[in-house]
Amino acid sequence: LAIIERWKDKGLGPENIPAREAGDAANGRLAELYRLYQERLKTLNACDFGDLLLHTIRILRDPKNADILADYHRRFRYIMVDEYQDTNGTQYLWLRLLAQGSNNICCVGDDDQSIYGWRGAEVGNILRFEKDFPGAQIIRLEQNYRSTGHILAAASGVIAHNEGRLGKTLWSDADHGEQVRVQGLWDGEAEARFVAEQIESLQNKKWSLDRIAVLVRAGFQT
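For the record, in the sequence shown the residue sitting at position 123 is 123 according to this note's numbering, with numbers rising by one throughout.
Below is the structure:
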């Protein structure tokens with residue numbers, strides 16, 4: 001099912017799976033299982049998540065439905081996309097179909113924040129934006145309003161090693177601030193203990209708790 005989902009993320013139906021994509025999964029029968037799966041969904045009058053976009057693309061690309069696509073071109077004359085670096089291949093095709101009517105499209109994103117390749121996101125969508133939409137104006141939002149200079153320098157040093165990127169120079173009017181500290185810890189409990197001890201140490205220095213924040217990547221880490 002995960003492989004079928006990735007195929008749908010790329011806009012591939014059972015009829016156009018390349019031989020190299022089929023691989024050895026399910027004894028080489030995966031493309032056939034994909035076809036049977038789609039037939040079963042149709043029998044049940046059902047869609048899975050990938051179908052919501054895939055079926056729409058099929059409708060809009062069919063020359064017999066030119067009037068439907070033209071209607072959406074009239075209705076959506078201006079298109080704005082956020083987090084463009086996280087779009088997958090199917091979303092990209094869908095967007096191109098909708099935007100070709102007026103070519104009034106604005107995409108906001110950051111190629112260095114593309115972290116969802118594991119669920120089908122294609123960073124290439126943002127990297128080739130200028131080629132896909134000739135004449136597009138590229139505006140780099142490089143000023144940072146939240147972080148200190150040392151934090152931005154550390155972040156820039158990390159992302160400079162990314163491959164296939166448009167590139168940017170982050171800067172801020174804020175002070176350099178304290179140096180970034182990297183702390184290696186054995187596990188989650190040790191991490192929690194370290195954070196608590198740091199807070200306690202700041203309290204002993206008469207810091208108020210409303211000056212302290214703990215940032216985590218995801219809620220489960222709390």
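Heads up, the beta-carbon is just placed ideally off N, CA and C, and yes, glycines get one too.
- DSSP three-state assignment for residue 88, whether helix, strand or coil: Residue 88 sits at position 88 when you count from the first residue of the sequence shown. If DSSP states are grouped into helix, strand and coil, residue 88 belongs with the strands.
- In the DSSP assignment, find the unbroken alpha helix (DSSP H) run with residue 158 in it and report its ends. Taking the sequence shown and counting its residues from 1, one reaches residue 158 at position 158. First-last of the alpha helix (DSSP H) with residue 158: 149-159.
- Counting along the chain, where does the beta strand (DSSP E) carrying residue 81 start and finish? As a first step, residue 81 must be located in the sequence shown, where it is residue number 81. Taken as a continuous stretch (DSSP letters only), the beta strand (DSSP E) holding residue 81 covers 79-81.
- Item | 8 Å Cβ shell around residue 175 - same chain, five flanking residues per side excluded | The residue given as residue 175 occupies position 175 in the sequence shown. Here the set comprises 148 and 149.
- Message: Contact between the segment 101-120 and the segment 73-81 is defined here as three or more beta-carbon pairs at a separation below 8 Å; is this criterion met?
- Response: Touching, per the Cβ criterion.
- Message: Given this structure, state the Cα-to-Cα distance separating residue 34 from residue 85, to the nearest angstrom.
- Response: Taking the sequence shown and counting its residues from 1, one reaches residue 34 at position 34. Taking the sequence shown and counting its residues from 1, one reaches residue 85 at position 85. Taking the straight line joining both Cα atoms gives about 28 Å.
- Query: Looking at C-beta atoms only, is the number of pairs between the segment 3-23 and the segment 116-124 that lie closer than 8 Å three or more?
  - Reply: They touch, by the three-pair rule.
- When the Cα atoms are used, what is the spatial distance from residue 172 to residue 142? Along the sequence shown, read from residue 1 onward, the residue named residue 172 stands at position 172. Along the sequence shown, read from residue 1 onward, the residue named residue 142 stands at position 142. One Cα belongs to residue 172, the other to residue 142, and the distance between them is close to 8 Å.
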